[in-house]
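Working notes, beginning with the structure itself.
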Amino acid sequence: MTAATLRPRTARKRERADSDRGIASLSDWRRPTVRFGMSTVHFILLILLILWGIGPLLWLLKSAITPTQDTLQTPIAVFPHGWDWNNVTTAWNTVGIGVQFLNTIWVAVGSWFVQLLVATTAGYALAVLRPKYAPIFNGLVLATLFVPAVVLLVPLYITVLHPPLIGHSLIDTFWAVWLPAGANAFNILLVTRFFNNLPREIFEAARTDGAGPFRLFWSIVLPMSRPILGVVSVFAIINAWKDYLWPRLVLTDPAVQPLSVRLPNIQSQTDLGVFLAALAISMIIPIVLFLVFQRLFLRSAGLGGAVKG
Amino acid sequence: MTTTPAQVRLSPAQRPARRRTPLTWVRGGGPATLLFLLPMLVIFGVFSWGPIVESVVMSVQHTNFVTAPTFVGLDNFVALFRDPLVPIAVRNTGYFALLALIFGYPIPLVVAVLMSEVRRARGLFSALAYLPVVVPPVVSVLLWKVFFDASSHGLFNTILSWVGIGPQPWIQSAATAMPSIVLEATWAAAGSTVIIYLAALTGVPPELYDAAEVDGAGIWQKIWHVTLPQLRPVLLVTFILQIIGTAQVFLEPFLLTFGGPANSTLTILQLIFRYAFQNSIGLDYGKATALSILLALFLALFSVVYFRLTKAWSDN
């Protein structure tokens, strides 16, 4: 994975072209039955994927600007009685989704920064500086990957309620989400692996030229690590947007709640059309991020499986 | 991957031996190294390693923060075995995991194999399959809650009426609630499995297919004798990851049905949540951590046994 991220784009394309065959060979493709069969199957697959992948989202976008009664009575019809843009403005202003929208951005940016800070400094210390005791910490970090998140839930909540040294509770402050987000072993694993594969000759050369550990970190290692920093950033921002249970526990005041926590609470007392507009607003940024950074997302998706555990 | 030749050459143990004094440690950059480790030590210490130890301690204590914690031995675990809700939650979670496997394990594999044969615009296929994964889970759950509208005007019921099927209760009946939840969860998660399989499929060496053709294999034989065996390691890993993930399902049943109707979708994680944060009798952190530790132990044991059993199978 890290090797693939390092490789420049052109080389990857050329390599694909060389081995551009799948289960069916080129001669298979020349047979009319195979050709026709495959094309039909792929066409059906495309239709199903459109219905599956984008159908529900298009419906949400449509219903966000449809009068509530139309959505309730004829959910499939497309604008039978015109549209209702007021849904969107009501959701943003009157229901106040705008506040939670900004909160979500704050949560995401803060978690992203803490995760990047912890992962890069730790990765640098463990993989580049390599003190003698590095394997111990590597092991301790790796071990946490095998502990399901649920074990942490209650003690983590109590830690945030009574944090050491600070003396007052972090509940209803963004710190309650930002700081625990930093304890992400998967990030450290990714970054450490990437740093391990950087050519050490460059570090030695920089040291000979008089660069100290801080200079080496800031001017050499970080600029060389853009690909992996991109992967960690995408995970961090998307996860902050997705998270529900933890922010729900520690952010109880609507003024600091992100969208994911607020939406379920307003459902029962909000008009359906307005609520659907709020849902549509909530998914816009992740979807735009995905469309812009599609390659990065799909390449990271293979790693995504490991995050769940 | 982890050990490069350069790393071996420069490892500190093989540098010329020198007497280590605090002064050489400072000159060698020891304090700077510690400074770089500091963010990790603080964050992991307070928010990961500390709470892990704490959870073990709490599981043998009676803690509710009203009175001082007292040591109660295995009382919390005994209380769990007496609680009639625990077997219900275990059964529901198992049912969810089973349905999620039936819905969510074979279909992404078929889709990925078909997609790997697409020659044009494969990016479009992948993007479409992955799009639901990008939608924040709370948004997709709440959207599906609208789809699951049990009235005859509900979205799904409207579609069913086209093919002559009457309105279904979806999440409002104990019998159909869990399958409905699994349907939503599969929609939200299947895309990432497809992409994982697709990455593994592009990694299958084309020479293997060439060789199979020389031996006269047709398309189905190639799939059976080349593709699937090559995917075996990935399939084994996604299986266990899915079990670990589904055993901790929380969001979907919590937001769609809140464990109902009649506890038919109460999962283990929801029960832990109830013990710790929603208990009307008083918060019972001890019982909550005891149950989460039991779940973690079960998953660890399951993984170990699973990898032992499948070791011979995945090595060749």
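Chains as they are written, first to last, in numbering that gives the first Met the number 0: chain X, 0 to 308; chain F, 0 to 315. C-beta atoms are modelled at their ideal positions from N, C-alpha and C, and glycine is treated no differently.
Asked                                                                                                                                                                                   : Found
Pull the bridge partners of Q60/F from the DSSP assignment, please.                                                                                                                     : F70/F
Who are the Cβ neighbours of W186/F in its own chain at under 6 Å, not counting the five residues just before and after it?                                                             : P131
Compare the C-alpha of G103/F against each of A188/F, L142/F, I195/F and name the closest.                                                                                              : A188/F
With H, G and I counted as helix, E and B as strand and the rest as coil, what does DSSP make of M0/X?                                                                                  : Confidence at M0/X is low in this model, with a pLDDT of 39, below 50, so the placement of that residue is unreliable and no value is reported for it.
Is M177/F close to chain X, meaning its C-beta is less than 8 Å from at least one C-beta of that chain?                                                                                 : no
Anything in the stretch 74–92 of chain X with a Cβ closer than 8 Å to a Cβ of chain F? List those residues in chain order, please.                                                      : P74, I75
Going by DSSP in three states, P83/F sits in which element: helix, strand or coil?                                                                                                      : coil
Tell me the DSSP bridge mates of G81/X?                                                                                                                                                 : P79/X
Who are the Cβ neighbours of L100/F in its own chain at under 7 Å, not counting the five residues just before and after it?                                                             : Q241
Would you mind sorting Y132/X into buried or exposed? The rule is 16 or more other CB atoms within 10 Å of its CB.                                                                      : exposed
Would you kindly work out how many angstroms separate the C-alpha atoms of G213/X and G109/X, rounded to a whole number?                                                                : The question names Gly, yet the displayed sequence has Phe at residue 213/X. When rounded, the distance between both Cα atoms is 23 Å.
Look at the Cβ atom of A78/F, then the Cβ atom of K286/F, and state whether they are nearer than 8 Å.                                                                                   : yes
At the 8 Å Cβ level, is T158/X part of the contact set with chain F, yes or no?                                                                                                         : yes
Going by C-alpha distance, which of V149/X, V127/X, P66/X, T269/X is nearest F216/X?                                                                                                    : V127/X
For E183/F and W177/X, what's the separation of their Cα atoms in angstroms?                                                                                                            : 29 Å
So for T266/F, helix, strand or coil by DSSP?                                                                                                                                           : coil
Between A182/X and S47/F, is the Cβ-Cβ spacing less than 8 Å?                                                                                                                           : yes
If the criterion is Cβ atoms closer than 8 Å, does the pair L56/X and V145/F meet it?                                                                                                   : no
Whole angstroms are fine: how far does the CA of W51/X sit from the CA of S302/F?                                                                                                       : 32 Å
Exposed or buried, which one is T237/F when buried takes at least 16 other CB atoms within 10 Å?                                                                                        : buried
A176/F to W169/F, Cα distance in whole Å?                                                                                                                                               : 6 Å
Residues of the stretch 242–253 of chain F in Cβ contact with chain X at a cutoff of 9 Å, in chain order, please.                                                                       : I243, G244, A246, Q247, F249, L250, F253
Anyone know if the C-beta pair for Q99/X and Q256/X falls short of 8 Å?                                                                                                                 : yes
How is the alpha helix (DSSP H) around F276/F delimited, first residue to last?                                                                                                         : Segment: none, F276/F is in no alpha helix (DSSP H) and carries neither H nor E.
Could you tell me whether the Cβ atoms of A246/F and L197/F are closer together than 8 Å?                                                                                               : no
Give every residue of the same chain whose Cβ lies closer than 8 Å to the Cβ of V137/F, excluding the five residues on either side of it in the sequence, and list them in chain order. : L250, L254
Do you know how far the Cα of N92/X is from the Cα of V333/X?                                                                                                                           : Residue coverage of chain X in this structure runs from 0 to 308, which leaves residue 333/X outside it and unanswerable.
Quick check on the burial criterion: 16 or more other C-beta atoms within 10 angstroms. Buried or exposed for I195/F?                                                                   : buried
A67/F: which of I164/F, N156/F, T309/F, Y284/F sits nearest, CA to CA?                                                                                                                  : Y284/F
Only counting the same chain, and skipping five residues up and downstream in sequence, which positions put a Cβ closer than 8 Å to that of G95/X?                                      : P253
Compare the Cα-Cα distances from R121/F to each of V193/F, G72/F, W161/F and report the closest residue.                                                                                : V193/F
Under three-state DSSP, which class holds A148/X?                                                                                                                                       : helix
For Y208/F, which residues of its own chain have a beta-carbon under 8 Å away from its beta-carbon, when the five flanking residues on both sides are left out?                         : K221, V225
Cβ closer than 7 Å: which chain X residues qualify as neighbours of S151/F?                                                                                                             : In chain order: nothing, as chain X lies at least about 10 Å away.
Among residues of its own chain, excluding the 5 on either side of L127/F, which ones have a beta-carbon nearer than 7 Å to its beta-carbon?                                            : none
Where T262/F and L73/F are concerned, what is the direct C-alpha to C-alpha distance, given to the nearest angstrom?                                                                    : What sits at residue 262/F in the sequence shown is Asn, not Thr. Each residue's Cα considered, the two are about 27 Å apart.
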